[in-house]
Each structure stands twice: as C-alpha cells, then as structure tokens.
Amino acid sequence: MSILSRLFGPRQRPTPAEPAELSRRLGVPSPDQPRSLALYAYDTCPYCRRVYQALQGLGIEVPVRNTRHDTLAAQELRALTGGSQVPCLVIDGQPLLESADIIAWLESYKANGSSR
Ligand SMILES: N[C@@H](CCC(=O)N[C@@H](CS)C(=O)NCC(=O)O)C(=O)O
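Quick note on numbering: the sequence shown equals residues 42 to 157 in the numbering used here.
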C-alpha cells in the first residue's frame, strides 16, 4: 500500500455520469438544436488527448482554447468552473468536466446528428 493510500485512503476515481444525468444537466443533443461548443484543454494533458482522439474519431470539429498558452482562456475556464481542470467542454455556455463524460456526450451528440 502506498504512503498516499495509507494517509488518504484508496484513490477515488470519479464515476462517469449516466447519460440520463448528462441529458438532465445539458439537454439531449439533437440535430434540431445546433450547439455552441468549445474545448478548454492543453496538449500535454493525457485526458485532453483522449478527448482529441474521440473528436477525431467522431469527425467533430471543436475550437480548442489552450489554457496553457492563452491566459484569457485560463481566466475564462476559471470563471466557468471555479478551477483550472482540463479537459472542459463548454456546451452553450455550460461547462462539462471529466474526459469520460465529455466523450460520452460527444458520442451521443454525433449519434443524434451533430454534423449539420
Ligand atoms: N478525471 C479527470 C482528470 C483531469 C485532470 O486531472 N486534468 C489535469 C491535467 S492532465 C488538470 O487539469 N489538472 C489541474 C487541475 O485539476 O486544476 C478527467 O478524466 O478529465
């Protein structure tokens, strides 16, 4: 057992939100409702890279706001989330954190006809 586990207990991994929970928070993606999307991220973050890969695989283009290279982007992220955690997908002004939740949302967005 590591010293960190002994001091703080086992590491809690965040559980991805259920699709129904995401839909309640962010609305069901629909082709009739085009979304304004922006991804706050930076390239050396492995979780951001997972989201980049998903975007590429799904063929979705989203403007990236690099919080490492752009102080304004970092300030915007703090204003939206109260912190600096990336990746953060902003959907019509609503921040969505957690790469697994972001990917699940993007898959659902694609499945519901995002490509218009
Ligand atoms: N569980 C999160 C982890 C995200 C994460 O740890 N991101 C790091 C960069 S790799 C970060 O933003 N750290 C700074 C912070 O949390 O303020 C996810 O899957 O998105």
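Each residue gets a CB set at the ideal place from its N, CA and C atoms; glycine is no exception.
Computed from a prediction, not measured in an experiment: that's the story for all the values here.
Exercise. Is it the case that the Cβ atoms of L138 and A95 are separated by a distance below 8 Å?
Worked result: no
Problem set entry | Between the CA atoms of S125 and R119 - distance to the nearest angstrom | 6 Å
Exercise. So, helix, strand or coil for P104, using DSSP?
Worked result: coil
Exercise. Should V92 and P128 be called a contact, given that it needs their Cβ atoms to be closer than 8 Å?
Worked result: yes
Problem set entry | Outcome for S140 when other beta-carbon atoms lying within 10 angstroms are tallied against a minimum of 16 | buried
Problem set entry | Helix, strand or coil at P72 [DSSP, three-state] | Any answer about P72 is weak, because its pLDDT of 48 lies below 50 and its placement is not dependable; what the coordinates show is given next. Three-state DSSP puts P72 in coil, outside helix and strand.
For this session: Compare the C-alpha of H110 against each of D84, R90 and S149 and name the closest.
Result: D84
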